[in-house]
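Residues 372 to 1142 (our numbering) are what the sequence shown spells out, left to right. Yeah, the Cβ is synthetic: ideal placement off N, Cα and C, and Gly gets one too. Predicted model only: the values in this text are computed from it and were never measured.
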Amino acid sequence: MRSIGFGAERLGLLAVRYPWLALGLSLALFVVSLAGLLQLRYVDDAWRVFSGDNAVSNSYDRLLAMTGNASDSFFVIVEGNFADPTVLNSFRVFADRVAQLPSVDRVATVFSLADLGETLDLAAGPGLEMAPAGETARRPLPLPEELAAHPLSQGLLLSQDLSLAAIAVDPHGDPRDLEMLRQLRGEVTHLVGSAPPSLTAHLSGLPVARGQAIESLVREQPLLLGFGLAIGFLCGVLLLGRLVDALVIASVPIFTVTATYGAIGLSGLQMTALLNNLPLLILALGFATSMHLVYDARRRLHETDYDFVTLRATVLKIGPACALSAFTTMLAFLSFEVSGSDAIREFGRIGALAVFGVFLAAMLVHPASVFIALRLGWRPLPAERGDSRLARWFQAQAATLARWLTRHRRAALVVGLLLVLLAGYGSSRVAPGYSALEQIPSSSQTYRIAQLVEEKLGGLHPIQLPLPISFSAAGGDGASAFEGGPLQALAQVRRVHHAVEATFPDRPVLSMTSVIRWLEGQGLSAGSATLNHLFETAPPLLGRSVVSADGTTAMITLWARETDDIGAVAEELERVAGRALERDFDQKASGFSVLAARAAPSVIERLQFGLILAAVGAAALMALAFRSFAVLPLCLLPNLLPVLAVGALLAALGVDLTLATALAMTVALGIAVDDTVHMTSAALEARRFHASADAVVVAARSVGPVLIVTTVVLMVGLAPALFSWSPATAAFAAFAIVTIGLALVADLGVLPALLAIYLGRGRGLPEAETS
């Protein structure tokens, strides 16, 4: 008889035939996975979520090659009354101590900018004016108001109200390295402990915020998995009524989670905030698959006086549905290939492999655990004797609902179609959205500091625009920066700078014009030697804001706020530059915030398309498995309804569709198709012995309790993530839970009516999978 699992369940027959081998292999793989678990490393790869083969990503890559990313800057944010000279001097001493930390390469403060003039005065070279004779070797510290208004700071390093200051830190090593971040934060925290009482300091910056989110996820992941394991175990006890039965169920999810972590560690891949969502999903999926197998196996074992070989019948009956469920879930993960995001594609591929690993574990570890449990004295009871009262109540309610739906099948079909149309209309009105701070809780200190930076230090998001203006000699290979007559180039930069300032009067703008203004204020010329020496000694934060790393390409850097439409600000910046230069302008503004703002809507829209693709693909795969085209619409309706309903709910609440939400809905859909597979398979099996309406009721009675309990396991297993430190992780869990719950409602409230109509046709029915 043909298998709806395409024969994949036969892998389990090997474990039934050679149980000692299966047990030994399971233990060996578990030990190897533990070794891989110890090699796990976490990394901040937020930029890869928006990285792909597209113009926006390519612009960001070019910016990194030219100047590095100003968004990757670290800042020590210091609060104090800097109008008080004593506090200001304490801040200067504190900044000097920050510069001496082992993890710090260089720092930039308002003091280092003010000291640039003295540095240039003491230098010599053509085109550079010396300080007047008789001037002291060190100039007195300017007034705080002058420091805040410094042309090269513009309130970015000292707020205009003199209550907040920033120390820009260039660390040794990669700013995305979490180990480096952890070391830097420890050094800063220790230093802050010895700071004067008049100063309060915190390490800040977007890399710090993202790194803190990842570290919080790392800390809470064992708790979430432990709680999910406990909940799944408890649900197993509630379904089967006995503690030992739940222990057998738990063997598969424990193995699959360990193997998932171990495989990632052994393969050399690094854990990210995105991949961190996977183990909890795999845990819940492992519990659901194991429950189906144990629920059927205990009856067969009891009937054959606990002969282990009879497990072969369970593998052949339940295994195909488990295999088909795994394939449809893998299809949902693989739908992320259309996202256009490197990180999301990677998440999808690893997720698909992990789901297939759940199926392999079910075929290998489940027989091994049953084998060892029987040898240790496990004697499971059949459903009629072993089920808990709650399970029997679920059976009765599922059968009653199915009986009512089969009697009113056409009305139920019409209602289902209307709900799909209404949900589809509502879902089409949901808008995509993204926030750089969506992983940071609003009650955290990190968020508070970010808001202070937004309010007082110009904004969190530098937008960098390369200008088609070169400071190098025309046609000169390896020419020094600013040689070959830079006056014309500087004039063009000045025009763009003035136009940008006029368009964004309340935002800090840095360019070579800012440097010229400051030099003129210092009484220095803007000759080539002056400029070259300036960028040799200036803090990197200044250099990468106004000129490329090789000193040949002009840059305009504008600071934006989290509340801005950053994509619109970047477009306006490009238009202003084009008008000022009076020529075709094909350069694109970039920076991490621009990359996210421009790429996020496209990625989310692609994920929406992938979501529909996954639903249709799952239905098509089921039609192929059941060898009946009529199964396609039968399975499509209950799978589309929960997805569209969640989209409509978002639109009704006025909530944007974020990356976390879109990912959660797709993954949840793939998992929830499991209910459709098992219900359809059971109904087709029962149809061999019953009339169509009765077959649906029998199927609902036999698999209804398992569907309900496995859905509860999935939902409650994900529930701990609702209390995650990261709002993005909590949102992922929340919408996955809602989608899975609505999928159960659709499978119990709509699918029986569709099955009754389908089975009532009496022609072209596929063969059911039996032993």
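Pair within 8 Å by beta-carbon distance, residue i and residue j
{"i": "residue 682", "j": "residue 733", "result": "no"}
{"i": "residue 655", "j": "residue 1088", "result": "yes"}
{"i": "residue 885", "j": "residue 522", "result": "yes"}
{"i": "residue 871", "j": "residue 880", "result": "yes"}
{"i": "residue 1068", "j": "residue 773", "result": "yes"}
{"i": "residue 444", "j": "residue 544", "result": "no"}
{"i": "residue 739", "j": "residue 397", "result": "yes"}
{"i": "residue 747", "j": "residue 677", "result": "no"}
{"i": "residue 458", "j": "residue 569", "result": "yes"}
{"i": "residue 1021", "j": "residue 1028", "result": "yes"}
{"i": "residue 1118", "j": "residue 1046", "result": "yes"}
{"i": "residue 1099", "j": "residue 1031", "result": "yes"}
{"i": "residue 661", "j": "residue 691", "result": "no"}
{"i": "residue 407", "j": "residue 711", "result": "no"}
{"i": "residue 552", "j": "residue 579", "result": "yes"}
{"i": "residue 1103", "j": "residue 1092", "result": "yes"}
{"i": "residue 559", "j": "residue 478", "result": "no"}
{"i": "residue 1079", "j": "residue 765", "result": "yes"}
{"i": "residue 609", "j": "residue 761", "result": "yes"}
{"i": "residue 465", "j": "residue 566", "result": "yes"}
{"i": "residue 1143", "j": "residue 669", "result": "Residue 1143 is absent from the structure shown; the chain starts at 372 and stops at 1142."}
{"i": "residue 588", "j": "residue 1097", "result": "yes"}
{"i": "residue 534", "j": "residue 981", "result": "no"}
{"i": "residue 1011", "j": "residue 791", "result": "yes"}
{"i": "residue 447", "j": "residue 633", "result": "no"}
{"i": "residue 930", "j": "residue 527", "result": "yes"}
{"i": "residue 631", "j": "residue 405", "result": "no"}
{"i": "residue 992", "j": "residue 702", "result": "yes"}
{"i": "residue 375", "j": "residue 1052", "result": "yes"}
{"i": "residue 472", "j": "residue 562", "result": "yes"}
Residue span of the alpha helix (DSSP H) that contains residue i, given as start and end
{"i": "residue 1027", "result": "Looking at the DSSP string, residue 1027 is not in any alpha helix (DSSP H), and its letter there is neither H nor E."}
{"i": "residue 932", "result": "From DSSP, residue 932 is part of no alpha helix (DSSP H); its letter is neither H nor E."}
{"i": "residue 1094", "result": "First-last for residue 1094: undefined, no H or E at that position."}
{"i": "residue 678", "result": "Taken as a continuous stretch (DSSP letters only), residue 678 belongs to no alpha helix (DSSP H), as it is neither H nor E."}
{"i": "residue 968", "result": "963-997"}
{"i": "residue 728", "result": "713-746"}
{"i": "residue 710", "result": "No alpha helix (DSSP H) holds residue 710; DSSP gives it neither H nor E."}
{"i": "residue 1065", "result": "1063-1089"}
{"i": "residue 688", "result": "682-705"}
{"i": "residue 937", "result": "937-952"}
{"i": "residue 827", "result": "816-827"}
{"i": "residue 461", "result": "456-470"}
{"i": "residue 762", "result": "760-778"}
{"i": "residue 752", "result": "That residue, residue 752, is in no alpha helix (DSSP H); it is neither H nor E in DSSP."}
{"i": "residue 418", "result": "Residue 418 -> no alpha helix (DSSP H), and no H or E assigned at all."}
{"i": "residue 401", "result": "390-408"}
{"i": "residue 1130", "result": "1122-1131"}
For residue i, the first and last residue of its enclosing beta strand (DSSP E)
{"i": "residue 447", "result": "445-450"}
{"i": "residue 542", "result": "535-542"}
{"i": "residue 476", "result": "475-479"}
Residues sharing a beta bridge with residue i, DSSP
{"i": "residue 413", "result": "642"}
{"i": "residue 803", "result": "1028"}
{"i": "residue 833", "result": "930"}
{"i": "residue 529", "result": "536"}
{"i": "residue 881", "result": "928"}
{"i": "residue 665", "result": "Answer by DSSP bridge pairing: none, since residue 665 is not bridged."}
{"i": "residue 918", "result": "925"}
Run through the region 561-649 for me and flag every whole beta strand (DSSP E) of 3 or more residues, listed as ranges in chain order. Runs of the beta strand (DSSP E) lying entirely within the region 561-649 and spanning at least 3 residues, in chain order: 571-575.
Taking 8 Å as the threshold, find out whether the region 776-787 comes into contact with the region 949-960 through three or more Cβ pairs. no
Touch test, the region 831-841 against the region 959-970, Cβ-Cβ under 8 Å, three pairs minimum: Cβ pair count under 8 Å is three or more, so yes.
Please confirm if the region 710-727 is in contact with the region 579-597, defined as three or more CB-CB distances below 8 Å between the two stretches. no
Taking contact to mean 3 or more Cβ pairs, one atom from each stretch, closer than 8 Å, check whether the region 613-623 and the region 640-656 are in contact. no
Under 8 Å, with one C-beta from each stretch per pair, do the region 410-420 and the region 632-651 reach the 3-pair mark? yes
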